[in-house]
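Below you'll find the structure, written out as structure tokens, and then a few comments.
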Amino acid sequence: MSHSDFFLCRMDELAEGQARGFDPLQRGKDSVFALVHEGQVRVYRNSCPHLDVRLEYRKDRFLSADAQLIVCYAHGAQFLPSTGECVYGPCLGQRLDALPWRLEEGWLVLEMPGSTALSGPVEVSRLAIHRIPTRD
Amino acid sequence: MNILGLDALIFGVDDIQACTDCLRDYGLAAVAVDSNGGRFEALDGTAVIIRRSDDPDLPVAIGPAPSIRETVYGVANAADLDAIEDELARDRQVTRDGNGVLHSVDDMGFAIAFQVTVRKAYSAPDDLTNAAGHAPQRPLNQPGITLEMNATPRTLSHVVYFVPDAAKAEAFYAERLGFRTTDTFIGAGPFMRPAGSDDHHCLFMIQTPPHMKGCEHFTFHMGSGTEVLLAGTRFEQKGWTSFWGPGRHLFGSNWFWYFNSPLGCHIEYDADMDKHDDAWEARRAPLSADNSQLFLFNSKEKWAPGGPPPKHG
Numbered sequence: 203m204s205h206s207d208f209f210l211c212r213m214d215e216l217a218e219g220q221a222r223g224f225d226p227l228q229r230g231k232d233s234v235f236a237l238v239h240e241g242q243v244r245v246y247r248n249s250c251p252h253l254d255v256r257l258e259y260r261k262d263r264f265l266s267a268d269a270q271l272i273v274c275y276a277h278g279a280q281f282l283p284s285t286g287e288c289v290y291g292p293c294l295g296q297r298l299d300a301l302p303w304r305l306e307e308g309w310l311v312l313e314m315p316g317s318t319a320l321s322g323p324v325e326v327s328r329l330a331i332h333r334i335p336t337r338d
Numbered sequence: 242m243n244i245l246g247l248d249a250l251i252f253g254v255d256d257i258q259a260c261t262d263c264l265r266d267y268g269l270a271a272v273a274v275d276s277n278g279g280r281f282e283a284l285d286g287t288a289v290i291i292r293r294s295d296d297p298d299l300p301v302a303i304g305p306a307p308s309i310r311e312t313v314y315g316v317a318n319a320a321d322l323d324a325i326e327d328e329l330a331r332d333r334q335v336t337r338d339g340n341g342v343l344h345s346v347d348d349m350g351f352a353i354a355f356q357v358t359v360r361k362a363y364s365a366p367d368d369l370t371n372a373a374g375h376a377p378q379r380p381l382n383q384p385g386i387t388l389e390m391n392a393t394p395r396t397l398s399h400v401v402y403f404v405p406d407a408a409k410a411e412a413f414y415a416e417r418l419g420f421r422t423t424d425t426f427i428g429a430g431p432f433m434r435p436a437g438s439d440d441h442h443c444l445f446m447i448q449t450p451p452h453m454k455g456c457e458h459f460t461f462h463m464g465s466g467t468e469v470l471l472a473g474t475r476f477e478q479k480g481w482t483s484f485w486g487p488g489r490h491l492f493g494s495n496w497f498w499y500f501n502s503p504l505g506c507h508i509e510y511d512a513d514m515d516k517h518d519d520a521w522e523a524r525r526a527p528l529s530a531d532n533s534q535l536f537l538f539n540s541k542e543k544w545a546p547g548g549p550p551p552k553h554g
């Protein structure tokens, strides 16, 4: 399967219990985020399964205060960092979209699947009610 | 029962600092705020109050922190409190705390409270429009806007709940507390105003599966649509994540702009809401993009012709 590589950050810039958002497609809004939880790296698409909206309340703030859960700060959905499974909230039982990555010379490299997965028209949501293509 | 509207919303949170930053950046004034939380006031004294989620003085939480813990309504006087106490005590526990505040629970399990209102008079500029074909509202030579103009939340406007049974919830507020339904989204729920307020709604409820029960958002009234756009622009520039807006709702006619927040629900700016009395006939419409707003925009970084090309064009 084809993919595009994006060098997100050096691994030593990702700390245990912290998350970082990235804007690999230069959209002006972070479309993926990475975190280290119990020593394991995870990279997820920044899109809540409930409404396909961004999770964070501000830059890099994707986690609960104790860093034990990923939280969608739109409606308070909570996700397990290790699997992306929603354990509380509107999308209970659904999962965040985990993205493949690799380590290369100390860098965290996102292997963005396909060439169109995140490169369609900019929308706030895949749902019809939230569909707002940009005008330009 | 002369319920005037919302006096305060109380949240139990897991990150006091983040919530403090959020509510200050939103434009509320911090009153007696420390590491255990505090009160964040609009110009008229209505407020959002945050506490640590394990604070034993808070009503029981509906879900995990952060979450709404109590909705406090203001009434005109002590006789109104007595009437509410008599009515609710017929079938549920009602307690009165040391400050004379009544505490009880609605039919969905949301903690509700009632107090003689904290709302006070305040001074803030009018929104003066020069509409062609009418006498100008602004004096000659008075600019309508300035770069430094104020955009401060004026009064707590409304709260929105996710509820598992909107019909039962509506009946409780209508029959037990004297609320009127102003409009209804079919399949979602009612917009309601208490008898002592002419605002289109101070409570809107959306029917959802039971596991979603909780607060969807709250908002304070700004002075105008311009103030919604300005305050939202400044809030976004401080790094807060826009969720929906800016735009203008159809039911209620209020301008809106919603943001994510560390309080576990959205925080909104609104302005210029319709006013109603009992002569109004409630409308009913299916919830759709067209029915929920007249128009919707996305903000973008400031740009002007002649300068560098717009970012993320």
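These protein sequences, in sequence, are chains W and X. Using my numbering, you'd call the opening residue of the first sequence number 203 and step up by one each time. Using my numbering, you'd call the opening residue of the second sequence number 242 and step up by one each time. Note that beta-carbon positions come from the ideal geometry of N, C-alpha and C, so glycine has one too. Everything numeric in this text was worked out from a predicted model, so none of it was measured.
- The C-beta distance from Tyr246 (chain W) to Pro503 (chain X) rounds to 19 angstroms, too long to fall under 8 angstroms, and the pair is not in contact.
- In this structure, Gly488 (chain X) sits away from His442 (chain X), with a CB-CB distance that is not shorter than 8 angstroms.
- Taking all protein chains in view, the Cβ of Val400 (chain X) is crowded by 16 or more other Cβ atoms within 10 Å, so the residue is classified as buried.
- For Phe445 (chain X), the uninterrupted beta strand (DSSP E) segment begins and ends at Leu444 to Gln448.
- Under the Cβ criterion of 8 angstroms, Glu457 (chain X) is counted among the residues facing chain W.
- Residue environment for Asp347 (chain X): buried (at least 16 other C-beta atoms within 10 angstroms of its C-beta).
- The three-state secondary structure of Leu329 (chain X), taken from DSSP, is helix.
- Counted as a single uninterrupted DSSP element, the stretch harbouring Ile257 (chain X) is not any beta strand (DSSP E) but the alpha helix (DSSP H) occupying residues Ile257 to Tyr267.
- Interface residue (Cβ-Cβ distance to chain W less than 8 angstroms): His490 (chain X) is not classified as such.
- Along the stretch 207-236 of chain W, the beta strand (DSSP E) occurs as fully enclosed runs of 3 or more residues at 221-224, listed in sequence order.
- Taking the Cα of Ala249 (chain X) as reference, the smallest distance to any Cα among X:Ala271, X:Thr287, X:Leu269 and X:Met242 is reached at X:Thr287.
- Using a C-beta cut-off of 8 angstroms, the stretch 304-319 of chain X makes contact with the stretch 251-261 of chain X, since at least three inter-stretch Cβ pairs fall below that distance.
- Residue-level contact check: Ala352 (chain X) does not touch chain W, since none of the beta carbons of chain W fall below 8 angstroms from its beta carbon.
- Between Asp214 (chain W) and Phe224 (chain W), the beta carbon gap of about 16 angstroms keeps them out of contact (Cβ cut-off 8 angstroms).
- For the stretch 383-459 of chain X, the full-length alpha helix (DSSP H) segments reaching 4 residues or more read 407-412 along the chain.
- In the structure shown, Asp321 (chain X) falls within a helical segment according to DSSP collapsed to helix, strand and coil.
- Note on Ala283 (chain X): 16 or more other CB atoms within 10 angstroms of its CB, so buried under the neighbour-count rule.
- In this structure, Ile353 (chain X) lies near Tyr314 (chain X), with their beta-carbon atoms less than 8 angstroms apart.
- Within the stretch 291-312 of chain W, the residues whose Cβ lies closer than 9 angstroms to some Cβ of chain X are Gly291, Pro292 and Leu294, listed in chain order.
- Arg292 (chain X) carries a strand assignment under DSSP once its states are collapsed to helix, strand and coil.
- Its Cα nearest to that of Asn318 (chain X), the residue X:Gly437 stands out among X:Lys479, X:Gly437 and X:Thr474.
- Pro394 (chain X) is positioned such that its CB atom lies closer than 8 angstroms to that of Gly268 (chain X).
- Here Ile291 (chain X) has Phe252, Val254, Cys260 and Gly278 as same chain residues with Cβ atoms under 6 angstroms from its own Cβ, once five neighbours each way along the sequence are excluded.
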